[in-house]
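**Student:** Please see the structure below; I have some questions.
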Amino acid sequence: MASVLSVSAATPSLADFQAQAAKSHSSLTLPVYPVTPAELKAQAENAIKAADAAFDALAAQDPAKLNFANTFAAADAIGAKVTDVALVIGTVSESSTDKAMRDTANEMSVKLEEWGVGLDYREPLYRALKTVADAKPALDAQQQRLVDDQMRSYRRAGLALPAGERAEVERLRKVLAGLTTQFAININEARAPLDFTAAELAGVPQSFLDSPGVKQPDGRYRVMANITWHAQAIGENADNADVRRRVLTARSNLARAMNTPVLAKLVALRADIAHRLGYASWADYRTEDRMAKTGATALKFEEDLVAGLQPKFAAEMEILRQLKAAQTGKTDAVLEASDINYYMNKLKKEKYAVDAEKLRVYFPYQATLQGMFAIYQKIFSLKFTEVAAPYYVWADGVKLYVVQDKTTGVPMGAFYLDMFPREGKFNHFACFAQKAGGVMADGRYDLPVAALLCNFPAPSADKPSLLKHADVETLFHEFGHVMHGMLARSRFAGQGAFTVPRDFVEAPSQMLENWVWDKAVLDTFAADYRDPSKKIPAEAIASLVAARQATEGYIERRQLSIGLLDLNLHTLSADAAWQADVVKIVNDTTARVSIAPPADTFWAAYIGHLAGYDAGYYGYLWAKVMAIDMASVFKASPDGFLDAAVGLRLRNEVYGKGNTREVAESVEAFLGHKRSVQPFLEYVGIKK
Numbered sequence: 011m012a013s014v015l016s017v018s019a020a021t022p023s024l025a026d027f028q029a030q031a032a033k034s035h036s037s038l039t040l041p042v043y044p045v046t047p048a049e050l051k052a053q054a055e056n057a058i059k060a061a062d063a064a065f066d067a068l069a070a071q072d073p074a075k076l077n078f079a080n081t082f083a084a085a086d087a088i089g090a091k092v093t094d095v096a097l098v099i100g101t102v103s104e105s106s107t108d109k110a111m112r113d114t115a116n117e118m119s120v121k122l123e124e125w126g127v128g129l130d131y132r133e134p135l136y137r138a139l140k141t142v143a144d145a146k147p148a149l150d151a152q153q154q155r156l157v158d159d160q161m162r163s164y165r166r167a168g169l170a171l172p173a174g175e176r177a178e179v180e181r182l183r184k185v186l187a188g189l190t191t192q193f194a195i196n197i198n199e200a201r202a203p204l205d206f207t208a209a210e211l212a213g214v215p216q217s218f219l220d221s222p223g224v225k226q227p228d229g230r231y232r233v234m235a236n237i238t239w240h241a242q243a244i245g246e247n248a249d250n251a252d253v254r255r256r257v258l259t260a261r262s263n264l265a266r267a268m269n270t271p272v273l274a275k276l277v278a279l280r281a282d283i284a285h286r287l288g289y290a291s292w293a294d295y296r297t298e299d300r301m302a303k304t305g306a307t308a309l310k311f312e313e314d315l316v317a318g319l320q321p322k323f324a325a326e327m328e329i330l331r332q333l334k335a336a337q338t339g340k341t342d343a344v345l346e347a348s349d350i351n352y353y354m355n356k357l358k359k360e361k362y363a364v365d366a367e368k369l370r371v372y373f374p375y376q377a378t379l380q381g382m383f384a385i386y387q388k389i390f391s392l393k394f395t396e397v398a399a400p401y402y403v404w405a406d407g408v409k410l411y412v413v414q415d416k417t418t419g420v421p422m423g424a425f426y427l428d429m430f431p432r433e434g435k436f437n438h439f440a441c442f443a444q445k446a447g448g449v450m451a452d453g454r455y456d457l458p459v460a461a462l463l464c465n466f467p468a469p470s471a472d473k474p475s476l477l478k479h480a481d482v483e484t485l486f487h488e489f490g491h492v493m494h495g496m497l498a499r500s501r502f503a504g505q506g507a508f509t510v511p512r513d514f515v516e517a518p519s520q521m522l523e524n525w526v527w528d529k530a531v532l533d534t535f536a537a538d539y540r541d542p543s544k545k546i547p548a549e550a551i552a553s554l555v556a557a558r559q560a561t562e563g564y565i566e567r568r569q570l571s572i573g574l575l576d577l578n579l580h581t582l583s584a585d586a587a588w589q590a591d592v593v594k595i596v597n598d599t600t601a602r603v604s605i606a607p608p609a610d611t612f613w614a615a616y617i618g619h620l621a622g623y624d625a626g627y628y629g630y631l632w633a634k635v636m637a638i639d640m641a642s643v644f645k646a647s648p649d650g651f652l653d654a655a656v657g658l659r660l661r662n663e664v665y666g667k668g669n670t671r672e673v674a675e676s677v678e679a680f681l682g683h684k685r686s687v688q689p690f691l692e693y694v695g696i697k698k
């Protein structure tokens with residue numbers, strides 16, 4: 011059952027901001043979160059029913075009276091209403107405290123996905139839109155972009171195919187949608203508890219051992235390999251190599267039994283669909299409307315980075331191997347996957363005097379959150395205010411904030427924060443859009459809403475939640491997605507922030523990770539919670555940067571291993587895909603590009619990006635190269651990463667534009683020059 015937010019009596023009312031929004035000809039309306047499975051089901055079914063009626067009416071119009079407004083613009087608005095319901099239901103599936111709600115949400119998500127696929131094949135609707143497109147009316151750039159993108163989508167759905175072949179593509183896409191959802195469900199439901207004695211966990215921080223739910227009645231300590239920060243605590247700190255190996259093996263086999271056959275089917279179905287649509291591979295199909303444009307371009311980008319990073323990666327691996335040799339007394343020691351994080355942590359502590367655990371005292375969650383808020387408010391000229399939610403949300407402790415333009419006071423949108431782990435909740439860190447912005451039929455702007463779902467360490471009875479520096483980086487990143495969602499302004503929902511090409515969508519938030527490596531930025535909020543007068547010493551930050559660069563070759567090669575296993579699965583021809591050994595492809599690629607996974611494991615079964623981000627993981631590094639290029643503009647500015655003038659330019663040229671123009675144009679308008687890979691190479695530690 012969802013719960014009412016608990017806030018102080020002094021917390022401002024949402025109604026106050028709604029009144030302000032109305033004065034600026036906009037609407038600040040929150041999503042309605044269902045409370046029961048029946049309500050959730052009705053919400054989905056009613057959204058589909060209303061959209062069906064609206065699309066039928068659109069298609070039934072007199073062909074002689076068709077125009078852009080009553081076809082393309084109308085279709086965008088109708089579809090946006092269903093999308094908003096799907097976003098809410100998707101959030102419930104990942105966050106509800108009630109398993110029945112999660113199960114119903116998953117069921118309805120499949121239904122909505124299938125409906126969305128079917129939408130592409132409504133012949134009367136297609137004919138109405140095509141009539142307008144073929145007439146080539148005089149349109150402005152954003153209108154023409156909407157027309158071009160929609161007609162491309164029809165072609166990609168197979169509308170140019172003979173009726174029988176088109177029907178088969180539609181059927182296969184619906185099967186694919188169901189399997190994609192099942193892959194994600196299997197990941198969300200995977201659990202891997204392992205119990206250890208205190209002696210076995212030697213080296214693991216006391217803060218972990220004292221965390222809620224870890225100590226068991228029999229005196230042993232339970233590690234949940236499916237909880238990211240649990241796995242990290244063991245992987246980075248446990249002195250016992252067998253314990254590290256057991257935890258990583260368990261994590262690398264999460265959802266394996268369920269998802270191995272699902273992934274094999276997904277890969278084959280995707281290749282089959284791509285072939286039927288006239289593409290050589292699923293990667294070619296998926297990248298056509300992205301910056302890369304072809305699977306070959308994405309593959310070359312990744313392989314070029316693998317080669318470019320090889321000398322640094324090899325040198326880093328040898329340093330870690332020597333640390334293991336020294337500790338074990340075996341000169342021929344061989345690094346295993348379960349050794350990497352442990353010896354990286356050891357290297358940071360011994361050579362760079364970086365102890366991630368000791369640095370946590372500088373990052374109490376609440377102070378860090380407020381500090382981040384202050385920075386983003388400054389550089390983007392915004393104001394965030396916590397408000398009382400007027401009705402139910404999905405769990406206790408979820409907070410709601412309104413975003414305003416600092417100069418005018420005009421509301422820009424709203425966001426929820428759901429920041430700590432609980433049973434059944436999405437187990438990583440992500441921004442979930444709740445509602446896309448866009449101009450409504452009456453001309454008012456419907457303001458966007460977003461939610462952060464995170465799993466930071468929860469506070470204990472006598473100690474606040476203390477974040478690692480890596481957690482702070484994650485927080486700045488994920489909240490960057492919120493900022494992108496809040497700031498983008500487009501007339502059409504189909505051109506909003508999160509409709510940008512998938513190989514760019516991470517760039518605006520990846521860019522903001524750079525802030526947490528800067529002394530001036532950290533000094534604005536990072537302080538010892540026991541004595542706030544104590545800031546992080548400059549030498550500690552310098553050591554953090556040096557330590558990051560010391561292992562950045564491995565970090566980027568690990569990212570490349572995921573990107574390449576993804577592309578290697580999805581550049582297969584249709585015939586090859588049906589015969590593919592997905593386990594061998596994944597494990598061989600991982601071993602070649604990064605380090606061999608533990609024996610008899612299949613970590614791809616737990617890589618959620620393979621359901622939804624398929625043939626797209628390369629986009630993280632593709633975007634990161636651009637992100638660091640953009641961050642370099644701040645770095646060189648008079649006020650560095652706190653430069654409000656540069657921030658306003660970023661807001662206007664990149665975040666604010668959403669997908670209303672080519673993102674390459676937006677990036678270069680902000681940069682003032684062509685994109686460059688040089689800042690990324692310097693970030694990694696490779697000099698000219």
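Just so you know, we're using our numbering here: the sequence shown kicks off at 11 and counts up by one. Backbone N, C-alpha and C define an ideal beta-carbon position, used for all residues, glycine too. If you're wondering where the values come from, they're calculated on a predicted model, not measured in any experiment.
1) Compare the beta carbon distance of Y411 and S475 with 7 Å and say whether it is the shorter of the two.
2) Using the Cα positions of A701 and A530, report the straight-line distance between them to the nearest angstrom.
3) Taking all protein chains shown into account, do 16 or more other C-beta atoms lie within 10 angstroms of the C-beta of R401, making it buried, or fewer, making it exposed?
4) Just the C-alpha distance for I617 and A278, rounded to the nearest angstrom, thanks.
5) Once DSSP output is grouped into helix, strand and coil, what is the label at S36?
6) Can you tell which of K634, E326, N578, P542 has the C-alpha that lies nearest to the C-alpha of I557?
7) Please state the DSSP three-state secondary structure of K416.
8) How do the region 388-399 and the region 587-598 stand: do at least 3 beta-carbon pairs fall below 8 Å, yes or no?
9) Classify P511 as helix, strand or coil using the three-state DSSP reduction.
10) Leaving out five residues on either side along the sequence, give the residues of the same chain with a beta carbon under 7 Å from the beta carbon of V95.
11) Below 8 Å, can you find three or more Cβ-Cβ pairs linking the region 421-437 to the region 86-93?
12) In the DSSP assignment, the beta strand (DSSP E) including K393 goes from what residue to what residue?
13) Would you kindly check if the distance between the Cβ of E104 and the Cβ of A187 is under 7 Å?
14) Hey, how far is the Cα of Q414 from the Cα of S571?
15) Taking all protein chains shown into account, do 16 or more other C-beta atoms lie within 10 angstroms of the C-beta of P648, making it buried, or fewer, making it exposed?
16) If I follow the unbroken alpha helix (DSSP H) through F680, where does it start and stop?
17) Who are the Cβ neighbours of N351 in its own chain at under 6 Å, not counting the five residues just before and after it?
18) Would you tell me roughly how many angstroms separate the C-alpha atoms of T417 and R454, rounded to the nearest one?
19) On a CA-only basis, which of V185, D472, L129, A61 is nearest S163? Give me that one, please.
20) Whole angstroms are fine: how far does the CA of E488 sit from the CA of A537?
21) Out of K121, R512, A336, which one is the CA nearest neighbour of E298?
22) Once the 5 residues before and after V92 are set aside, which same chain residues still bring their CB inside 6 Å of it?
23) Could you pull out every residue in the same chain whose Cβ sits closer than 8 Å to the Cβ of V364, ignoring the five residues on either side in sequence?
24) DSSP state of S16, grouped into three classes?
25) Go to K544, then tell me how far its beta strand (DSSP E) extends in each direction, as first and last residue.
26) Verify whether the separation of the beta carbon atoms of M429 and F466 is less than 7 Å.
27) Can you give the Cα-Cα distance for A405 and S583, rounded to whole angstroms?
28) Return the CA-CA distance between S221 and D205, expressed in angstroms with no decimal places.
29) Can you tell me the Cα-Cα spacing of N116 and W588, whole angstroms?
30) Consult DSSP for F466 and reduce its assignment to one of helix, strand or coil.
31) Output yes or no for whether 7 Å exceeds the beta carbon distance between V687 and V635.
32) By the three-class DSSP mapping on this structure, what secondary structure does M450 have?
33) In the structure shown, what three-state DSSP assignment does L333 receive?
34) Relative to the C-alpha of Q662, which candidate in L532, R567, A440, I389 has its C-alpha closest?
35) On the criterion of 16 or more Cβ atoms from any shown chain inside 10 Å, does T207 qualify as buried, or is it exposed?
36) Under 8 Å, with one C-beta from each stretch per pair, do the region 265-283 and the region 604-618 reach the 3-pair mark?
**Tutor:** Let me spell this out:
1) No, they are not a contact pair.
2) This structure does not reach residue 701, given that the chain is present from 11 up to 698, and the question cannot be answered.
3) Sequence check: residue 401 is Tyr here, not Arg. Result: exposed.
4) If I take the Cα positions, the gap works out to 18 Å.
5) Reduced to three states, the DSSP call for S36 is strand.
6) Note on identity: in this sequence residue 557 is Ala, with Ile being the wrong assignment. Answer by Cα proximity: E326.
7) Coil, per DSSP.
8) Segment contact: the region 388-399 against the region 587-598, fewer than three CB-CB distances shorter than 8 Å; contact not assigned.
9) If DSSP states are grouped into helix, strand and coil, P511 belongs with coil.
10) Result list for V95: Q53, A54, A57, in chain order.
11) Contact fails between the region 421-437 and the region 86-93, because fewer than three Cβ pairs, one in each stretch, are under 8 Å apart.
12) Per DSSP, K393 belongs to the beta strand (DSSP E) from 392-397.
13) Cβ atoms of A187 and E104: not closer than 7 Å.
14) The C-alpha of Q414 lies about 41 Å from the C-alpha of S571.
15) With fewer than 16 Cβ atoms within 10 Å of its Cβ, P648 is classed as exposed.
16) 673-681 is the span of the alpha helix (DSSP H), which, as asked, contains F680.
17) These residues qualify, in order along the chain: G245, E246.
18) Approximately 21 Å, taken between the alpha carbons.
19) Taking only the C-alpha atoms, the option nearest S163 is L129.
20) Distance between A537 and E488, taken at the CA atoms: about 22 Å.
21) When only C-alpha atoms are compared, the closest one is R512.
22) In its chain, beyond the 5 residues on either side, A57, A61 have a beta carbon closer than 6 Å to the beta carbon of V92.
23) In the same chain as V364, and ignoring 5 residues on each side of it, the C-beta atoms closer than 8 Å to its own belong to K358, A550, S553, L554, A557, in chain order.
24) For S16, the predicted model reports a pLDDT of 41, less than 50, meaning its position is unreliable; a value from the coordinates is still stated below. DSSP places S16 in the coil class of the three-state scheme, outside both helix and strand.
25) Looking at the DSSP string, the run of the beta strand (DSSP E) that includes K544 is 541-545.
26) Taking 7 Å as the cut-off, the Cβ atoms of M429 and F466 count as close.
27) Taking the straight line from one Cα to the other gives about 45 Å.
28) Distance between the alpha carbons of S221 and D205 is about 14 Å.
29) Just so you know, the alpha carbons of N116 and W588 end up roughly 27 Å apart.
30) Residue state for F466 is assigned as coil, using DSSP reduced to three classes.
31) Closer than 7 Å, so yes.
32) The answer is coil: DSSP assigns M450 none of H, G, I, E or B.
33) L333 falls in the helix class under three-state DSSP.
34) Before going further, note that residue 662 is Asn rather than Gln in the sequence given. Comparing Cα-Cα distances from N662 to each of L532, R567, A440, I389, the minimum goes to I389.
35) Counting the other Cβ atoms within 10 Å of the Cβ of T207 gives fewer than 16, which makes it exposed.
36) Result yes; three or more Cβ-Cβ pairs closer than 8 Å.
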